[in-house]
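Peer 1:
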Amino acid sequence: MSTYVYGITAASHPALPKDMSGVGDPARPVRVLTEGDLAAVVSDAPEGLRPKRRDLLAHQNVLGEVGAEGCVLPMRFGSVAPDDGSVTGVLADRAEHYEERLRTLDGKVEYNVKATHDEEAVLHRVMSDNPEVRAVTEANRQAGGGSYEQRLRLGEMVVAAVKAREAEDAGEVRHALEPVADAISVGPDSSGWLANVSFLVERDAAASFLSEVERLRTSHPHLDLRVNGPLPPYSFVEPGPAEPAGTSVGIDHAEE
Numbered sequence: 099m100s101t102y103v104y105g106i107t108a109a110s111h112p113a114l115p116k117d118m119s120g121v122g123d124p125a126r127p128v129r130v131l132t133e134g135d136l137a138a139v140v141s142d143a144p145e146g147l148r149p150k151r152r153d154l155l156a157h158q159n160v161l162g163e164v165g166a167e168g169c170v171l172p173m174r175f176g177s178v179a180p181d182d183g184s185v186t187g188v189l190a191d192r193a194e195h196y197e198e199r200l201r202t203l204d205g206k207v208e209y210n211v212k213a214t215h216d217e218e219a220v221l222h223r224v225m226s227d228n229p230e231v232r233a234v235t236e237a238n239r240q241a242g243g244g245s246y247e248q249r250l251r252l253g254e255m256v257v258a259a260v261k262a263r264e265a266e267d268a269g270e271v272r273h274a275l276e277p278v279a280d281a282i283s284v285g286p287d288s289s290g291w292l293a294n295v296s297f298l299v300e301r302d303a304a305a306s307f308l309s310e311v312e313r314l315r316t317s318h319p320h321l322d323l324r325v326n327g328p329l330p331p332y333s334f335v336e337p338g339p340a341e342p343a344g345t346s347v348g349i350d351h352a353e354e
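The numbering of the sequence shown is our numbering, which starts it at 99 and goes up by one.
#1: So, using beta-carbon positions, are leucine 171 and arginine 199 closer together than 7 Å?
#2: Of all the options Asn326, Tyr332, Ala274, Val278, which has the alpha carbon lying nearest to the alpha carbon of arginine 315?
#3: Can you tell which of Tyr104, Ala265, Lys261, Val231 has the C-alpha that lies nearest to the C-alpha of methionine 118?
#4: Taking buried to mean at least 16 other C-beta atoms within 10 Å of its own C-beta, is tyrosine 246 buried or exposed?
#5: Could you pull out every unbroken beta strand (DSSP E) segment of at least 3 residues lying fully inside the stretch 138 to 203, listed in chain order?
#6: Could you check what DSSP says for aspartate 227 in three-state terms: helix, strand or coil?
#7: What's the C-alpha gap between glutamate 208 and alanine 281?
#8: Between the Cα of aspartate 135 and those of Asp322, Asp302, Tyr332, Asp191, spot the shortest distance and give me the residue it belongs to.
#9: What is the rounded straight-line gap between the Cα of serine 184 and the Cα of glycine 269?
#10: Please name the residue or residues paired with histidine 215 in a DSSP beta bridge.
#11: Excluding the 5 residues flanking leucine 86 on each side, which residues of the same chain have their C-beta closer than 6 Å to its C-beta?
#12: Just confirm the distance between the C-beta atoms of alanine 213 and leucine 323, as a whole number of angstroms; I'd bet it's less than 8 Å.
#13: Thinking C-beta only, is glycine 168 closer than 7 Å to histidine 111?
#14: Between aspartate 350 and the rest of its own chain, which residues show a CB-CB distance below 6 Å, the 5 nearest in sequence each way excluded?
#15: In the DSSP assignment, what residue or residues form a beta bridge with tyrosine 102?
Structure below.
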């Protein structure tokens, strides 16, 4: 039977709670595979696994319980190996990398910050900051709304100004929060967000990080900031030397 992998820990990590269960229906018992100084938290993999709410929550709950007792390198949902031996083989092959990651990430959590513009507030900001846009707006108003070409020109100016503001504010998010984090990881570009950044934060410094987020909200009221965390440090489990970016302990992923 194939093996589902939740995460990697040190072999010295405290024992799992009794009767911990993971993904699947019925839920598969969670167990530990040890190889040298490393261990993998696993269960049997259910057939036809898909990212349904119950299984996503089960994956997160296992990582949450394991992470509460010490550092864990989290695997993405759907990480499946052919068998237990494949998992321990990867632990042996890449021991140096995973041991380094465990040392580096010990006592740290991830916060993901996504930013968008409040449409009405950013338009007000653009009008306030851009004399040319204000002048064209006033000229159109005095002309009874302006011609089609004039309205089109104003619309293009506003769009360009908002785009420029998006780039500037994305930089502001990083500039404000990066000093209170140990590392950052910029997420993939998306039309839905002007910034999508994950921050690696000392667990004991989480309150300071969140305070900086609130300061950013106060100083940039045209920004809508959404914070998710604390999370296991998904964005900071870097690939090993022999492992191409985007893979995780040499295992396959369920379709998403």
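For each residue, glycine too, the CB sits at the ideal point set by N, CA and C.
Peer 2: In brief:
#1: Taking the sequence shown and counting its residues from 1, the one referred to as residue 171 is at position 73. Taking the sequence shown and counting its residues from 1, the one referred to as residue 199 is at position 101. In this structure, arginine 199 lies closer than 7 Å to leucine 171 by Cβ.
#2: One-based indexing of the sequence shown puts residue 315 at position 217. Nearest C-alpha to arginine 315: Ala274.
#3: Working through the sequence shown from its first residue, we reach residue 118 at position 20. Selected option, being the one with the closest Cα: Tyr104.
#4: Start at 1 with the first residue of the sequence shown, and residue 246 comes out as number 148. That one is exposed.
#5: 177 to 179
#6: By one-based count along the sequence shown, residue 227 stands at place 129. Helix.
#7: Against the sequence shown, residue 208 aligns to sequence position 110. Against the sequence shown, residue 281 aligns to sequence position 183. Roughly 10 Å between the two C-alpha positions.
#8: Counted from its first residue, the sequence shown places residue 135 at position 37. Considering only alpha carbons, the answer is Asp191.
#9: Along the sequence shown, read from residue 1 onward, the residue named residue 184 stands at position 86. Along the sequence shown, read from residue 1 onward, the residue named residue 269 stands at position 171. One C-alpha to the other measures close to 43 Å.
#10: By one-based count along the sequence shown, residue 215 stands at place 117. Answer by DSSP bridge pairing, in chain order: Leu321.
#11: An answer regarding residue 86 cannot be provided, because it is not within the stretch 99 to 354 covered by the chain.
#12: Start at 1 with the first residue of the sequence shown, and residue 213 comes out as number 115. Start at 1 with the first residue of the sequence shown, and residue 323 comes out as number 225. Confirmed, Cβ separation roughly 5 Å.
#13: Within the sequence shown, numbered from 1, the residue matching residue 111 stands at position 13. Within the sequence shown, numbered from 1, the residue matching residue 168 stands at position 70. Yes, they are a contact pair.
#14: Locating residue 350 in the sequence shown gives position 252, counting from the first residue. Only weak support exists for where aspartate 350 lies, its pLDDT of 47 falling under 50; the coordinates are left without a value.
#15: Numbered from its first residue, the sequence shown carries residue 102 at position 4. Per DSSP, Ser141, Val178.
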